[in-house]
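Written out below as structure tokens is the structure these notes cover.
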Amino acid sequence: MSFASIVSAQERTPAIFETRAATSEPAWAKWSLIAISIAFFSLFLLLPLVVVFVEAFAKGWSLYKDAVTEADALSAIKLTLIAAAISVPLNLVFGVAAAWAIAKFEFRGKQILLTLIDLPFSVSPVIAGLIYVLLFGAHGWFGPWLKEHDLKIIFAVPGIVLATMFVTVPFVARELIPLMQAQGREEEEAAVVLGASGWRVFWSVTLPNVKWALLYGVILTNARAMGEFGAVSVVSGHIRGQTNTLPLHIEILYNEYQFTAAFAVASLLAMLALVTLGAKSLIEWRQKSVLKELQS
Amino acid sequence: MTATTTPANAGFGTPQYPSEASLPRQLEIQPARKMRSSGRVLPGLPLSLGVSLTYLSIVVLLPLVALFARTFSLTFDAFIEAVFAPRVVATYLVSFGAALLAAVTNVVFGGILAWVLVRYSFPGRKLVDTLIDLPFALPTAVAGIALTAIYAKNGVLGAPLEALGLKVAFTPIGIYVAMVFIGLPFVVRTLQPVLQDHEIDFEEAAASLGASRLRTIIRVILPAMTPALLTGFALAFARAVGEYGSIIFIAGNVPYVSEITPLIIITKLEQYDYAGATAVASVMLVISFVLLLAINLLQAWTARRSGRTP
Numbered sequence: 038m039s040f041a042s043i044v045s046a047q048e049r050t051p052a053i054f055e056t057r058a059a060t061s062e063p064a065w066a067k068w069s070l071i072a073i074s075i076a077f078f079s080l081f082l083l084l085p086l087v088v089v090f091v092e093a094f095a096k097g098w099s100l101y102k103d104a105v106t107e108a109d110a111l112s113a114i115k116l117t118l119i120a121a122a123i124s125v126p127l128n129l130v131f132g133v134a135a136a137w138a139i140a141k142f143e144f145r146g147k148q149i150l151l152t153l154i155d156l157p158f159s160v161s162p163v164i165a166g167l168i169y170v171l172l173f174g175a176h177g178w179f180g181p182w183l184k185e186h187d188l189k190i191i192f193a194v195p196g197i198v199l200a201t202m203f204v205t206v207p208f209v210a211r212e213l214i215p216l217m218q219a220q221g222r223e224e225e226e227a228a229v230v231l232g233a234s235g236w237r238v239f240w241s242v243t244l245p246n247v248k249w250a251l252l253y254g255v256i257l258t259n260a261r262a263m264g265e266f267g268a269v270s271v272v273s274g275h276i277r278g279q280t281n282t283l284p285l286h287i288e289i290l291y292n293e294y295q296f297t298a299a300f301a302v303a304s305l306l307a308m309l310a311l312v313t314l315g316a317k318s319l320i321e322w323r324q325k326s327v328l329k330e331l332q333s
Numbered sequence: 011m012t013a014t015t016t017p018a019n020a021g022f023g024t025p026q027y028p029s030e031a032s033l034p035r036q037l038e039i040q041p042a043r044k045m046r047s048s049g050r051v052l053p054g055l056p057l058s059l060g061v062s063l064t065y066l067s068i069v070v071l072l073p074l075v076a077l078f079a080r081t082f083s084l085t086f087d088a089f090i091e092a093v094f095a096p097r098v099v100a101t102y103l104v105s106f107g108a109a110l111l112a113a114v115t116n117v118v119f120g121g122i123l124a125w126v127l128v129r130y131s132f133p134g135r136k137l138v139d140t141l142i143d144l145p146f147a148l149p150t151a152v153a154g155i156a157l158t159a160i161y162a163k164n165g166v167l168g169a170p171l172e173a174l175g176l177k178v179a180f181t182p183i184g185i186y187v188a189m190v191f192i193g194l195p196f197v198v199r200t201l202q203p204v205l206q207d208h209e210i211d212f213e214e215a216a217a218s219l220g221a222s223r224l225r226t227i228i229r230v231i232l233p234a235m236t237p238a239l240l241t242g243f244a245l246a247f248a249r250a251v252g253e254y255g256s257i258i259f260i261a262g263n264v265p266y267v268s269e270i271t272p273l274i275i276i277t278k279l280e281q282y283d284y285a286g287a288t289a290v291a292s293v294m295l296v297i298s299f300v301l302l303l304a305i306n307l308l309q310a311w312t313a314r315r316s317g318r319t320p
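Protein chains in written order, with our numbering: chain F, 38 to 333; chain H, 11 to 320.
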């Protein structure tokens, strides 16, 4: 029976025998759509996630432990933590400042500012790395000056931090702006009229209103900072034990055919991703219950 | 309250009642004046704008200007030679072709996923909804090696597919698969809120006027979703074109066959061909600007269509 004939058969069925609402689909259609969705989801999202853990533990726990505790892996973990520890707080300050300016004030050029914030979303990570090489590399604008003063940015930690800062620019600001715009500025204005200083308004009025979105923005920034590959790969120089972050360490292990070790290190980052997604669900749930409280 | 006399709240203590004759004129002027002054009640614009602009200038603007300045220091012929070298042109075809196919795939299946997540309840719905964001949160290198392991000759799916004569890993099909993975959440997450806000009244009206369910979906719901679907498409496409980490492991990186444009930039850099790398990068960058502009326009359109603020 063809699809068209099923549909026309339904049209001819008298309304009195219709058991489903006019705004829902027949059960067979509903369940086939759900089946397609779950199949697509399992194939493209779930399977890669499962494979990471299966491959990581393929040769047992002791090999897993060795892979994530050997010297190069530990130094990669340390560098990843350092890069995140610098870039995430900086991004937090920037994101809050940008959201405050954009959500609470009207000024000319706001759209341009918003576009600039979004820009790193659509720029290839490879280009994000390249631009810093052009600025600070040996043949870059500031290359000779840096060499004279014995400073190293490219193929060193500062370059990794800069590249991480570039790719994470939008995250905190983009989480905060829509929420702060929706909340308006009446509460802050009331606080100012009652005599509160600007900082007091921010700490006691604005921050409590946006804390969950801010927290999620920071968690997302952190996940991206620790997992960035393309941009960091261009500026790092892949010096083992020195300028290797976790994702770059995975690449080296993989290219050396140490698959189990590569997946073991990858599983650390996969766990970070799962924690990030879990935190997101939790925060969304909190926000919903706060909203419900406000409504009742 | 202490009697502070800042200009902003001075008016609160001494309300001025307009005389009856001047009332209509007053009513006309007041809202505009009020709005303008309320924008200045809050402090912190110079500080917050200053911090934002400084950060953006150092991290985003200055480096991008450096890229374009470098490009303009090339002679025109050198630029053309770098950008239209046969091997480079082959990467455009691979990158843009695969990204186009992946974005279309994501619009179809992401659209179905968004619909199912918004309209139906089924066991595991919450889990699926949470894990849709996995490609945002999972580092690209991790996704890359996982996809390669799945589709390699001895992988879970690679082995049966190879038996059917289909090679995925180390071919352009592998690139397509990685691009589908990273692009999926863009379509689902753009579509979900719009679908959620879509009033069921329209569907009821269509049904009560005698339209079949299929006809209602095609003629009523789909047109309302078009701007959001196009935005999701553009976002997924832009991301796929620039993507590097999840692709290079599965691509095989054979020149003229499965080499993507971001990789050619890295290859040129490793050969110290800074001019060539910069030229290709500037072409990609211009394309991302155009895509970003298109996305912004599409989002404004989505907002107008659904009455939401972007």
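All C-beta atoms, glycine included, are put in the ideal place defined by N, C-alpha and C. Computed from a predicted model, the values in this text were never measured in an experiment.
Rounded separation between Ile53/F and Val138/H - CA only
Because the pLDDT at Ile53/F is just 47, under 50, the model does not fix this residue reliably, and the value given afterwards should be weighed accordingly. About 37 Å.
Pick from Leu240/H, Phe82/H, Val69/H that is closest to Phe196/H, judged by C-alpha positions
Nearest option by C-alpha distance: Leu240/H.
Kindly list the residues whose CB is nearer than 8 Å to the CB of Leu110/H, restricted to its own chain and excluding five residues on each side of it in sequence; keep chain order.
Phe247
Where does Asn263/H sit, in a helix, a strand or coil, going by DSSP?
coil
For a cutoff of 9 Å on Cβ pairs, would you count Leu213/F as touching chain H?
no
Any chain F beta carbon closer than 9 Å to Phe132/H
yes
Could you say if the stretch 121-136 of chain F and the stretch 56-65 of chain H meet the contact criterion of at least three C-beta pairs nearer than 8 Å?
yes
Let me check understanding here. Comparing Cα to Cα, which of Thr181/H, Ser105/H, Gly107/H, Gly252/H lies closest to Lys163/H?
Thr181/H
List, in chain order, every chain F residue whose beta-carbon is nearer than 9 Å to that of Pro149/H.
Pro149/H reaches chain F at Ala260, Arg261, Met263, Gly264, Glu265, Phe266, Leu283, Pro284, Ile287, Ala303, Leu306, Ala307, Leu309, Ala310, counting residues in chain order whose Cβ is nearer than 9 Å.
Partner residues on chain H for Thr313/F, Cβ-Cβ distance less than 7 Å
Ala147
Is Glu253/H close to chain F? Criterion is C-beta to C-beta, closer than 9 Å.
yes
Taking the straight line between their C-alpha atoms, what separation do you get for Met235/H and Lys329/F?
Spanning the two alpha carbons is a distance of roughly 28 Å.
Hey, would you say Asn116/H sits closer than 9 Å to Gly252/H, going by beta carbons?
no
Go ahead and pull the three-state DSSP assignment for Val178/F.
Checking the sequence, you will find Trp at residue 178/F rather than Val. In the structure shown, Trp178/F sits in coil (DSSP, three-state: anything other than H, G, I, E or B).
Under 7 Å Cβ to Cβ from Val230/H, same chain only, skipping five residues before and after it: list those, please.
So the list reads Phe212, Glu213, Ala216, once near-sequence residues are dropped.
Residue-chain proximity (Gly254/F, chain H), Cβ-Cβ < 9 Å:
no
Using the C-alpha atoms, what's the distance from Ala159/H back to Val88/F?
8 Å
Span separating the alpha-carbon of Gln332/F from that of Arg323/F:
Looking at the backbone, the Cα of Gln332/F and that of Arg323/F are separated by about 14 Å.
What did DSSP end up calling Asp143/H once you bin it into helix, strand or coil?
coil
Residues in the stretch 289-300 of chain H having any Cβ partner in chain F nearer than 7 Å:
Ala291, Met294, Leu295, Ser298
Could you tell me which chain H residues have their CB closer than 7 Å to the CB of Gly235/F, listed as they occur along the chain?
Pro53, Gly54
Exposed or buried, which one is Gln148/F when buried takes at least 16 other CB atoms within 10 Å?
By the Cβ neighbour-count rule, Gln148/F is exposed, with fewer than 16 other Cβ atoms within 10 Å of its own.
Taking 9 Å as the threshold (C-beta atoms), are Ala151/H and Gly168/H in contact?
no
If we ignore side chains and look at the alpha-carbon of each, how far apart do Ala301/F and Gly267/F end up?
Each residue's Cα considered, the two are about 20 Å apart.
For a quick check, are the C-beta atoms of Thr140/H and Ser318/F less than 9 Å apart?
yes
Measure the Cβ-Cβ separation of Thr313/F and Ala228/F and say whether it is below 9 Å.
no
Please name the residues in the stretch 145-159 of chain F whose beta-carbon is closer than 9 Å to at least one beta-carbon of chain H, in chain order.
Gln148, Leu150, Leu151, Thr152, Leu153, Ile154, Asp155, Leu156, Pro157, Phe158, Ser159
Is the distance from the Cβ of Leu52/H to the Cβ of Glu62/F below 9 Å?
Cβ distance not < 9 Å, so Leu52/H and Glu62/F don't count as in contact.
Three-state secondary structure (DSSP) of Tyr253/F:
Helix at Tyr253/F.
Closest Cβ-Cβ distance between Ile71/F and chain H: below 9 Å?
yes
Taking contact to mean 3 or more Cβ pairs, one atom from each stretch, closer than 8 Å, check whether the stretch 269-279 of chain H and the stretch 96-103 of chain H are in contact.
yes
Between Gly177/F, Leu86/F, Leu306/F, which lies nearest to Leu72/H when the distance is taken from Cα to Cα?
Gly177/F
CA-CA distance, Val296/H and Leu231/F?
50 Å
So what's Ile277/H in DSSP terms, helix, strand or just coil?
Checking the sequence shown, residue 277/H turns out to be Thr, not Ile. It is helical.
Hey, how far is the Cα of Ile289/F from the Cα of Ala138/F?
43 Å
What residues of chain F sit near Arg223/H, judged by a beta carbon separation below 7 Å?
Glu62
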